[in-house]
Amino acid sequence: MAAREDDLAYFEVFGGRGELVLNRPARRNAVNGPMVEAMIDSLAALVADPAVGVIVLRGEGGALCSGLDIKEFGADPRPRWVEGFQGRWTDLHVALLECPKVIVVALERFGINAGSSLTLAGDLVVAGETAFLQIGEVRQSGPAPMNLAWLALRTTPAVANRLLITGRRVPGPELESLGLAAEVVPDAQVLERSRALADELVGYPDDGPARAKATVRGMFSPGLEARAHFEAARTVAGSTAGWVPTANP
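Anchor point for the sequence shown: position 33 equals 47 in my numbering, and the numbering is continuous, going up by one each time.
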């Protein structure tokens, strides 16, 4: 799918590598309702394409995602999509959870709040040396249900507490030491390395990376158990559907 200027998210296919791209660089790829719909559709297309073996999730313009778009969520009149946003945001994360293909996340510059949950959705994260992840909702008196659901699958309660309770920025090298990033590279090389890693995995025989992903998921967090984290998160999100961030963390 060739990107148009007004596509808020889009996908591309390069041989066996697919790319899912957040495309609001002027807003630092901040998330709004129409972007979520475009991401759901783009991810579905990549999953359905038998030629695609590995998916790179990235942001246009050299940054991954700055979180929810505070300006749009707080607009007057309120956008119609706000009411159903939490449900569709959860739907996107369930689709990422159930994606059978390996997802490589290119963490350039930052993944903040909503962006951190997209980062944690990756099976492998390539982070820049000065890039950071921040689960900062605690600093905004807000919930972080998708981040919590992913942390329950990706790490220990101690690490989850550290990220969720402090709400502070966690740079690439620290993410690697916590086991949340697979590789850390110079900032200018994040996308190049993410693509190279995806291409390397695509070259493995017999769809090995996807089978390995399924084996790990089945061993450590069977499908129904993993899905339960996100259905619980859906409930939390629904109970706080009226919450709108009013400031950056």
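Here a beta-carbon is modelled for each residue, glycine too, at the ideal position from N, C-alpha and C. These numbers come from a predicted model, not from an experiment.
Closest residue to G129 among D83, G88, A166 (Cα-Cα distance): D83
Distance between beta carbons of G186 and E122, contact taken as under 8 Å: About 10 Å separates the two Cβ atoms, so there is no contact after all.
C-alpha distance - A247 paired with P157, whole-angstrom precision: 10 Å
Span separating the alpha-carbon of L215 from that of S155: 41 Å
Close Cβ partners of V250 (< 7 Å) along its chain, the five nearest in sequence each way excluded: P157, P159
The region 127–141 touching the region 190–207, judged by at least three CB pairs closer than 8 Å: yes
Three-state secondary structure (DSSP) of R182: coil
Assigned secondary structure, E26 (DSSP; H/G/I helix, E/B strand, else coil): strand
R92 versus P223, N46, V66, S131, residue with shortest Cα-Cα distance: N46
Q148 - containing beta strand (DSSP E), residue span: 146–148
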